[in-house]
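Structure first, then comments.
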Amino acid sequence: MSSEINPVVLLIIVANVLFSMKGFKDQFFFNKYKFQVGAIKNGEKVRLLSSAFLHVDFSHLLFNMLTLYFFADSVIVVLGIYKFVIIYFGSILISGLYALMYHKNNLYYSAVGASGAVMGILYAAILINPDMSLMFFFIPIPIPGYIFGLGYLLYSIYGMKKGVGNIGHSAHIGGAIAGFVLTLLLFPQVMEYNLKMVVILAIPIILLFVFEKQLKK
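Each residue of the sequence shown is one higher than the one before, counting from 16 in our numbering.
Printed below as a string of structure tokens:
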């Protein structure tokens, strides 16, 4: 990873921080721009985008922005900044639509967070560079990137099923799907040199659709 953060990534992080900080202090602002099924169905489509720049608290914001920072460069180096932006904002849209579909019968369902977009970048980075590893303060050994990605996705499935927190777990899943599909479309060469990782990351996504009805029970 480059020691210098890309200006576009920095702009996205700053936008998330400023928008989230506004939401921390202003409940009316937070409620107006958060993801909410009923409001979106009533025509407030801007929430599909705006909710991706709001967070429930500072730790939620910090986790998403650190994850974006760690993985963004891996995508930009190979695909370039324009395709990175397509994956980031494409993941916001697709993750929001997935959440809207999953919770369509719960008009009061609401969530916030950049996790859908970040999950899309995370999946793209792992597909492009499966050998990457991560170090965390509380885990003294390197963790393979794909283990982190799969773990994040599995936690999101659990969170969506159990309704854990005011966080868009279904958006995480939609983001993973978006990152996976968009990366294959924008960089099909990954199928040639990294077919194994494509298959590994595809398995939980396929299982999600197979057992979708059970998840909703």
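C-beta: ideal position from N, C-alpha, C; glycine also.
Does the distance from the C-beta atom of residue i to that of residue j stay below 7 Å?
i, j, result
"G190", "S65", "no"
"T82", "A139", "no"
"Y161", "I192", "no"
"N31", "A186", "no"
"G111", "L69", "no"
"P219", "L137", "no"
"F85", "I91", "no"
"I143", "V93", "yes"
"I96", "V23", "yes"
"P145", "N209", "yes"
"M80", "I20", "no"
Among all the DSSP beta bridges, which residues are the ones paired with residue i?
i, result
"F50", "A126"
"P159", "S148"
My assumption, with CB atoms under 8 Å, is that residue i sits in contact with residue j. Please give the rounded CB distance.
i, j, result
"L115", "V52", "6 Å"
"G131", "A67", "6 Å"
"M1", "G194", "This structure cannot speak to residue 1, because the chain is shown only from 16 to 232."
"L223", "I172", "7 Å"
"A126", "F44", "About 16 Å; that fails the 8 Å criterion."
"L201", "I55", "Wrong, their Cβ atoms sit about 27 Å apart, outside the cutoff."
"L63", "S35", "That pair is no contact at about 17 Å."
"Y113", "I188", "6 Å"
Would you say the beta carbon of residue i is closer than 6 Å to some non-hydrogen atom of the ligand SAM?
i, result
"V90", "The ligand content of the structure shown is nil, which means the ligand SAM is not present either."
Of all the alpha helix (DSSP H) runs that stay within the bounds of the region 62-134, which reach a length of 4 or more residues? 62-65, 73-94, 96-117
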